[in-house]
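A short write-up of the structure that comes next.
In UniProt numbering, the protein residues as written are 1 to 228.
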């Protein structure tokens, strides 16, 4: 979906047994490559950054880089994919009594708080996350790939909402519509953010998202002649 979330090297554990030593080492290497790429993209630009520079920053070879990522585009989008997947996991865990919009809004707030708390400064911070989103918006190949993933994310959310409500999404269009609306409102909120706003960090982003979603009802109402 178009919902864009803050990146994190790893999502908080959801319980269960942990990975083995070899798998943990692979996870650390992958996370280090994502963080190094993120830092380089922000400091010198996406087009100016090479795969060799990213690999060198982590002290690994290009061959090792390509074990984890097919290209520069993939490592740039990986930082968002982790957070998007975390949102889906949070949505699956929302109480059944919440309506779809309540569940999605609560899941996005929970995601921002959990992931934002892990990375208050540096490459995983709220500021740098949204700066990376701006790089994606300004890079046609990245934006195209991001929007393709966003479309798939919307389908995942629609299926999840349909399952929660006991609906057939092929027959009932409401899950598809609410997933599309949610993603679009969230993307608009993220794109309106700027680092100079009074309250920065996860809570600032959550407050901004809240203001946008508070306007959803008035925007869908028939009477636009009076200020919301």
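We put the beta carbon where it would ideally sit given N, CA and C, even for glycine.
Remember, predicted model here, so these are calculated numbers, not experimental data.
Cβ pair residue i, residue j closer than 8 Å
i           : j           : result
residue 66  : residue 33  : no
residue 193 : residue 216 : no
residue 183 : residue 154 : yes
residue 145 : residue 73  : yes
residue 206 : residue 100 : no
residue 83  : residue 149 : no
residue 188 : residue 176 : no
residue 69  : residue 142 : no
residue 52  : residue 62  : yes
residue 94  : residue 103 : yes
Best match in the options for proximity to residue i [C-alpha to C-alpha]
i           : options            : result
residue 185 : 137, 138, 105      : 105
residue 77  : 59, 93, 226, 37    : 37
residue 75  : 50, 109, 88        : 50
residue 59  : 226, 29, 42, 133   : 29
residue 87  : 156, 20, 171, 147  : 156
residue 213 : 35, 168, 190       : 190
residue 203 : 115, 19, 39        : 115
residue 180 : 211, 210, 147, 166 : 147
residue 40  : 26, 174, 57        : 57
residue 161 : 152, 151, 174      : 174
residue 42  : 220, 135, 226      : 135
residue 79  : 98, 35, 139, 22    : 35
residue 110 : 89, 151, 130       : 89
Contact belief for residue i with residue j at Cβ below 8 Å, rounded distance in angstroms
i           : j           : result
residue 107 : residue 91  : 4 Å
residue 55  : residue 164 : Between residue 164 and residue 55 the Cβ distance is about 42 Å, and since that is not below 8 Å, they are no contact.
beta-carbon residue i near the ligand FMN non-hydrogen atom, thresh 7 Å
i           : result
residue 218 : The model depicted lacks the ligand FMN and carries no ligand whatsoever.
Neighbour flag for residue i against chain D, beta carbons, 8 Å
i           : result
residue 167 : Included in the structure is just one protein chain, with no chain D present.
*asked:* Threshold first: 4 residues or longer. Then list the alpha helix (DSSP H) segments lying entirely within the region 121–183, N to C.
replied: Within the region 121–183, the complete alpha helix (DSSP H) runs of at least 4 residues are 126–138, 140–165.
*Within the region 9–70, note down every full alpha helix (DSSP H) run reaching 4 residues or more, in order along the chain.*
Runs found: 21–44, 51–58, 62–68.
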